[in-house]
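A.B. asks:
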Amino acid sequence: MSKAYNVMAATCPSRTVLHRIGARWTVFAVNALEGGPMRFTELKAHICGITPKALTETLRAMEADGLLARTDLGGNPPHVEYALTELGRSLLVPLRAVRQWAEMHVPDILTARERAGIRHPG
1 MSKAYNVMAA
11 TCPSRTVLHR
21 IGARWTVFAV
31 NALEGGPMRF
41 TELKAHICGI
51 TPKALTETLR
61 AMEADGLLAR
71 TDLGGNPPHV
81 EYALTELGRS
91 LLVPLRAVRQ
101 WAEMHVPDIL
111 TARERAGIRH
121 PG
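Take the sequence shown: its position 27, counting from 1, is numbered 27 in UniProt numbering, and each next residue is one higher.
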């Protein structure tokens, strides 16, 4: 029997999982790696606006959480690739749904922000 988790409980470990998924750059990294392994420079170019420091921190945290694997292929300069693990790939379905919802509702959110007097970037 599996242990029951309740994300609404202050001490539930599932909050750590939601924190990782909700971290600023995790969603972008998972989406970027959907098509297969990528090198650091490819990821940085694909994820517009991410700094090298933020990408490094995100990749390290995702690796520690078992969402991606880092493979050192050797060479000079070093050749390292990042790929989603099976656990990381399992995030693609729910994140795809969230992405589609976000893209579909951009006009609604922007309209609500304008009504609230909040200017949108861009």
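For glycine and all other residues, C-beta sits at the position ideal for the given N, C-alpha and C.
Taking the alpha-carbon positions, what's the L67 to A23 distance?
C.D. replies: Locating residue 67 in the sequence shown gives position 67, where the first residue counts as 1. Locating residue 23 in the sequence shown gives position 23, where the first residue counts as 1. Cα-Cα distance, rounded: 13 Å.
A.B. asks: Please state whether DSSP places M62 in a helix, a strand or coil.
C.D. replies: By one-based count along the sequence shown, residue 62 stands at place 62. In this structure, M62 counts as helix in the three-state DSSP scheme.
A.B. asks: Going by C-alpha to C-alpha distance, which of V98, D72, A4, T26 sits closest to A54?
C.D. replies: Residue 54 sits at position 54 when you count from the first residue of the sequence shown. Answer by Cα proximity: T26.
A.B. asks: Whole angstroms is fine: what's the gap from N76's alpha carbon to E86's?
C.D. replies: One-based indexing of the sequence shown puts residue 76 at position 76. One-based indexing of the sequence shown puts residue 86 at position 86. Cα to Cα, the separation comes out at about 29 Å.
A.B. asks: Is it buried or exposed, G88, if we count other Cβ atoms within 10 angstroms and call 16 or more buried?
C.D. replies: For the purposes of this step, residue 88 is taken as the residue at position 88 of the sequence shown. Buried, by the Cβ-count rule.
A.B. asks: Going residue by residue through the UniProt domain "HTH hxlR-type" (12-110), where are the continuous beta strand (DSSP E) segments of at least 3 residues, counting only ones entirely within it?
C.D. replies: 68-72, 80-84
A.B. asks: Evaluate A29 with the Cβ neighbour count: other Cβ atoms within 10 Å of its Cβ, from every protein chain shown; 16 or more gives buried, anything less gives exposed.
C.D. replies: On the sequence shown, residue 29 is found 29 positions in, with the first residue counted as 1. A29 comes out buried.
A.B. asks: Does the distance between the C-beta of G117 and the nearest non-hydrogen atom of the ligand ADP fall short of 8 Å?
C.D. replies: Only the bare structure without any ligand can be found here, which leaves the ligand ADP out of the picture.
A.B. asks: In whole angstroms, what is the alpha-carbon distance linking R15 and G49?
C.D. replies: What you label residue 15 is simply residue 15 of the sequence shown in a count that begins at 1. What you label residue 49 is simply residue 49 of the sequence shown in a count that begins at 1. Between R15 and G49, the C-alpha separation is close to 27 Å.
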